[in-house]
Amino acid sequence: MHQASPYMHGGGDTRGGGESGFGSEGSGGHAMSLVDKLNTMSRVRRRRQEAEALASEARQAMEDPLMPITPEIGPVGYQLAEGDECSMLEPHSKEQPLVKELIQTLIEWINKELIDERILVRDIEADLYDGQVLQKLLEKLTGSSLNQPELTQTEMGQRQRLKFVLEEINNVLGVPDSYAAKNWPIAAIFSKDLVAILRLLVALVRRFAPDVRLPPSCQLTLVIVRKLNGVLQHRRQVEVITEATDTTDASMERDAISALVDCAVPEKLGAFQRILLQFVNQHLGKLNIVVTDLQKQLDQQSYAGSIAQPVAQQLM
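So the mapping is simple: the numbering used here equals the position in the sequence shown, first residue as 1, plus 35.
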């Protein structure tokens, strides 16, 4: 039940048989020293930074208005009056893995919150645009009922209800009207604008369910079409839904590791080892394992195997 609208925003080295990446000894090989491990961590970080730089260049290229690629503008674009513009999602933008993960996470969260109301959301755009589900969700999150007057199920009635619900949400979130008008305006939500709907739901999750992990670096690309001198011109615009750095514990640990790798130089090795020892014991404490000597104990297969997976998850 999607409606078109002019508002639409919408291989690795091996050394010796069986040697592990954390310095376990293999037949015919030598255990990696701690400095070797730190150098490996630094190389991983440099490769990741290079990949992020390439991704940034790609995004800038997509935003270049002189790109020769012509998007599928659709009938809305051709109905524009002189000087007017409209926006729409770039084809395939919604199919990005991070976007799909974010949508699925939000749908699961809403359905979990509204399970007692027997409400099941399947389509995040078609099911939320009129404010009815948003009202039930806000009432559940705040534990209070909204004193909303009875409204008809006409388009005007739906708009009035959505306006009322969004005003209540903005009050609960404590955001200024200008911020709400920029990120989730009434007209955008009602026209099933995915960017606005996602931004609204992300704000609700971070306010009421901070333990829910949202995928970071989630973006949608819009195609902005404008009619000038009778010719349709277009440009691409990237809309950020979630920031590159999430606020979860996992991301904070990842940032800590990044900082440690930055200072992994010989003159700072002592301080680095102390901080790294604290990080290792934080993870191994769940297994009732205590590390007192990084060089000796991490060269043992049992300890290296225990810490390899959590450390790798933080670095990659």
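The C-beta atom is built at its ideal place from N, Cα and C for all residues, glycine as well.
- If you check the CB distance, residue 239 and residue 124 do not come in under 8 Å.
- Taking a C-beta distance under 8 Å as the contact criterion, residue 278 and residue 254 do not qualify as a contact pair.
- For residue 249, the three-state secondary structure derived from DSSP is coil.
- Just so you know, the alpha carbons of residue 271 and residue 133 end up roughly 19 Å apart.
- Here residue 154 is actually not in contact with residue 141; their C-beta atoms are around 14 Å apart, not less than 8 Å.
- When secondary structure is reduced to three states using DSSP, residue 276 falls in the coil class, being assigned neither helix nor strand.
- Between residue 190 and residue 252, the alpha-carbon positions lie close to 35 Å from each other.
- Annotation for residue 262: the continuous beta strand (DSSP E) segment containing it runs 254–263.
- Straight through space, the alpha carbons of residue 250 and residue 263 are spaced by roughly 38 Å.
- Secondary-structure assignment with DSSP links residue 271 through a beta bridge to 258.
- With a cutoff of 8 Å on beta-carbon distance, residue 224 and residue 233 are scored as not near each other.
- A check of alpha carbon separations from residue 118 across 312, 315, 326 and 259 identifies 259 as the nearest.
- DSSP places residue 122 inside the beta strand (DSSP E), whose first and last residues are 120–124.
- Under the three-state reduction of DSSP output, residue 266 falls in the strand class.
- With a 10 Å radius around the Cβ and a threshold of 16 neighbouring Cβ atoms, residue 161 comes out exposed.
- If you draw a straight line from the Cα of residue 169 to the Cα of residue 209, it comes to about 17 Å.
- DSSP places residue 214 within a helical segment (H, G or I) once states are collapsed to three.
- DSSP places residue 160 outside both helix and strand once states are collapsed to three, so it counts as coil.
- Pairing residue 77 with residue 328, the inter-Cα distance amounts to about 22 Å.
- For residue 164, the number of other beta carbons within 10 angstroms of its own is at least 16, and it is reported as buried.
- Cβ contact annotation for residue 203 (same chain, cutoff 7 Å, sequence separation greater than five): 173 and 181, in chain order.
- DSSP places residue 219 outside both helix and strand once states are collapsed to three, so it counts as coil.
- A residue is called buried once 16 or more other Cβ atoms fall within 10 Å of its Cβ, and residue 127, having fewer, is exposed.
- Taking every protein chain shown into account, the CB of residue 215 has 16 or more other CB atoms within 10 angstroms, so this residue is buried.
- Residue 136 sits in a helix when the DSSP states are folded into three classes.
- Shown here, residue 116 sits in coil according to DSSP, grouped into three states, outside any helix or strand.
- Annotation: the continuous alpha helix (DSSP H) that includes residue 205 extends over 190–208.
- Taking the Cα of residue 195 as reference, the smallest distance to any Cα among 166, 228 and 231 is reached at 166.
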